[in-house]
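Note that this note's numbering numbers the sequence shown so that position 66 is 61, with each residue one more than the last.
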Amino acid sequence: MPYRPPLVPYETFVADPPDLPVRGPGEQGAAVVARATVAGTDPHGVTLTAATSDGGILTVRVEAAGEGVIRVRLAEDLAARSRSARALPLVHPAAHPAVVAVGEGSVTVDAGAVIAEITLDPWRMRFRAADGQLLVEQDSGTTDISGRRRTLPFGRSTADGVPVAWHESFVAPGDEHFVGLGEKFTPLDKRGQRALMWNFDAFGGESDRSHKNVPLYLSDRGYGVLVDSGLPVEFDICQSTHSSVQILVPDDLLDYYVLAGPTPAQILDRFDALTSRPYLPPKWAFGAWISSGFFPDSQQRVLDRARLIRERGIPCDVLHLDCYWQVAGRWSELRWDDEAFPDPAGMLKTLADQGFRVCLWMNPYLMTGSPLYAEAAEAGYFLRRPDGSTYVADVWHGSHPASAIVDLTNPAAVRWFQGLLRPLLEQGAAVFKTDFAEGVPADAVAHNGMTGLELHNVYALMFNDVVADVTEEIAGHRTVWARSSYLGGQRHSAQWSGDVNATWPALASTLRGGLSHGLSGVPFWSHDTGGFNGTPDPDLYVRWTQFGALSPLVRLHGTTSRLPWDFPAEAERDVAAALRLRYRLLPYLWSAAVAAARTGAPMMRALPVDTPEDPTAWVIDLQYRLGTDLLVAPVVDPSGRRDVYLPVGDDWVDVATGERHPGGRYLRVTVPMHRLPLYVRHGALVPVAAPADRIPDGPFRDVDLVSWGGLGGGTVIHDVDGDTVVEAERDGDTLRVHATGPLGIRKVSVVGVGVPRRVLLNGTAAPVAAFEEWFPR
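Take a look at the structure:
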């Protein structure tokens, strides 16, 4: 049983996972691979017959699944697949040539950047880099002085004679660091943690429960491990024993991949090749999203908000309407509340004319009070209980009526559900917020015969796929604003951190979640700016908006108003300034987004992405690079003080003061409310746009280039009409800037000490423009 703190209420949910069996005193039940013989080889790998410690026989397959990728399977029958694959496959390996060598008592499988070395008797497997460096090796199993097993190495376990889980263990050197595993709100380095791959309604963002799990971790030793299973896989990262990573897979086989780096970016690139490339949202999605909030709304209120946003000069591109665009108590039947919204088509047209897109909240549940419920239940559009009745579940934790859950394994139910969405898109809605989807109970039964246990995690992917499909059909893009996800979910952008609390500690844990998710292959992430649950004090609201404005995507949303004018005038001014800074940086942000979609590396880059050789980078989790050239350190304490670590390998320029600092050191700073600690890599070339309150369609215009230091260097500026390559060369007192591509650069600003006196832009003299203050007061 999981540990539950005494005397403290422990939240349970209708969709919590079942517990695995607990062994009795002295009970073993683990069949561990003891030795193996070669059954056959082929151009891709080797198949082995494995004898287990209990006298059984299993089959092992070790093969190349890509350049620098080794796939390992352990099963009774290699035709087995994860039980979740009945809904949709999660990993898409391709046959890849390998060099297979069988020696005296050993086998090697060479996939280029990673090589599997197998000792047959006794069984042992190691993974090395191409240069021979040991990446990771199996843990053969730890026993104590009385012979009791303390870890679960390569094999499987049974309970009452029935297989219940497969397992693998890897040796973990005492100073090894581990990151990833999805959107985890816990410290970035997962050493000492036990992560369960089960999508929870996380009740905030301050526990080890996650809305978005990804069974992938990365090591500072230059490799990653990916497990192909949609069931509740458990990663014991040196918690039970400090010397071992244990992986427990309650599925029909053990199926995992070792991905070579050596850098996190290279590992994520190989991960994308196996799963999917990130989907790049439209350019307008990188503007500010401002929400109605989780409280009653109306057409007139929406129009008034839009008018005030434009009148007060607050940058915004998307208006989000939360639950109350529908009839209360009948969520989510996907119909307008015609009393509160008498003319939605007219409203959407007015908003479009003002330059707004509109996002509508939705979820895959249907409250039993809806007029749609009876007919849909009769048609079999919902998940069922084992007795065949419709599964009506308390997916709202008692705060709203119980609901049925749309059965997305039923093609007829999918057509019905998309038929509810299509008219909204045709009216002019631009995008949907796909909320919830963590509520499939383990004992539910689906149309295709899957149990809820098998469907639970992958249901989030199916939900977002269904909505993305119909959105693309009508609106021409596949963007959703998603709360839950799983392996391969980077194809759904954007994702946000869920219902976090409006507190300072929650701001910090939210930041950790975003960094963890980025290291799990999801680059387009956001959060409820200001916190969701509760009302932030004005200082927290400002600090959170500064963080949001320099996140991959930004949305202001909560249970109370997050409209800037509902806070004191100084807070409104500082919030608007933070959003204006974001809009100035949009050419830089869009370039970082395009690069992220192409490579899988995150926009919001935890420090190991760029400096993996620095051990300090693997434990820093309250700051990040935004793209490669900006260093952002959100203020997470009401004092305005914090320590900032400057990454090794570069000098860094304080945006506010122009002061230059060497990397590889900490700064202790205190910043006023109107700005946050923000640094630029010395030597960077940063494109910025003219001030604006919305993102125009088409390419950027009136772009300036800021040279931080007036040094030589280069950058690539991505835009919808192509890439522009910029190269700078310092020649004495002259900086020569040459741009090749469609982007027209208006002027060049140079910041720093000892900057050049003259700038040549494509061979023509250009004025050395004064840099425009990013934090004006």
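Backbone N, C-alpha and C fix where the C-beta goes; we use that ideal spot for every residue, glycine too.
Nearest chain C C-beta to residue i closer than 8 Å, yes or no?
i: S48; result: Chain labels in this structure do not include chain C; a single protein chain is all it has.
Quick one: residues in its chain with C-beta nearer than 8 Å to the C-beta of residue i, no 5 flanking neighbours on either side, listed in chain order?
i: V97; result: V33, T36 and V41
i: Y536; result: G525, R557, F562, A566 and V570
i: V387; result: T363, A397, S398 and A399
Mapping the DSSP letters down to three states, classify residue i as helix, strand or coil.
i: R725; result: strand
i: Q23; result: coil
i: E132; result: strand
i: I140; result: coil
i: W585; result: helix
i: P117; result: coil
i: K344; result: helix
i: C233; result: coil
i: I262; result: helix
i: L755; result: strand
i: Q413; result: helix
i: A566; result: helix
i: N208; result: strand
i: M362; result: strand
i: D561; result: helix
i: R593; result: helix
i: W279; result: helix
With DSSP as the reference, identify every bridge partner of residue i, one or two as the case may be.
i: T498; result: None, per the DSSP bridge assignment.
i: L580; result: BP columns for L580 are empty, so no partner.
i: H162; result: G150 and L243
i: Y661; result: Y640
i: V465; result: Answer is none; V465 lacks a bridge partner.
i: I65; result: A59 and V253
i: D37; result: G40
i: A96; result: T103
i: V387; result: A399
i: D646; result: P657
i: A477; result: T429 and Q490
Taking 8 Å as the threshold (C-beta atoms), are residue j and residue i in contact?
i: W279; j: I690; result: yes
i: D835; j: A75; result: In the structure displayed, the chain extends from -4 to 772; residue 835 sits before or after that span and is not available.
i: F519; j: P273; result: yes
i: I615; j: L625; result: no
i: H162; j: I52; result: no
i: A503; j: L420; result: no
i: L221; j: S515; result: no
i: G513; j: P607; result: no
i: F165; j: R186; result: no
i: L176; j: F122; result: no
i: D649; j: C311; result: no
i: A838; j: A46; result: An answer regarding residue 838 cannot be provided, because it is not within the stretch -4 to 772 covered by the chain.
i: V475; j: T429; result: yes
i: G704; j: H677; result: yes
i: T594; j: D389; result: no
The beta strand (DSSP E) spanning residue i covers which residue range?
i: H713; result: G708 to D714
i: G177; result: F173 to G177
i: Y251; result: L249 to A255
i: V313; result: V313 to L316
i: F427; result: V426 to T429
i: I285; result: A283 to S286
i: V774; result: The requested residue 774 is not part of the displayed model; the chain covers only -4 to 772.
i: L687; result: Looking at the sequence shown, residue 687 is not Leu but Ala. Counting along the chain, A687 falls outside any beta strand (DSSP E), and DSSP gives it neither H nor E.
i: R550; result: V549 to L551
i: W356; result: R352 to M357
i: L621; result: Y619 to L621
i: R380; result: Note, R380: premise wrong, no beta strand (DSSP E); not H, not E.
Enumerate in chain order the residues of its own chain whose CB-to-CB distance from residue i is below 6 Å, with the five nearest sequence positions on each side excluded.
i: G483; result: L85, T270 and S271
i: G659; result: V643
i: H451; result: V435
i: A679; result: D624 and W703
i: G350; result: R689
Would you kindly report the start and end of the unbroken alpha helix (DSSP H) that includes residue i?
i: G543; result: P533 to A544
i: A301; result: Q294 to E306
i: A372; result: Y368 to A374
By Cβ distance, which residues of its chain are closer than 7 Å to residue i, with the 5 residues on each side in sequence left out?
i: G324; result: M362, G364 and P396
i: G717; result: G736 and P737
i: T345; result: L298
i: H544; result: It should be noted that the sequence gives Ala, not His, for residue 544. Here the set comprises A573, L574, L576 and R577.
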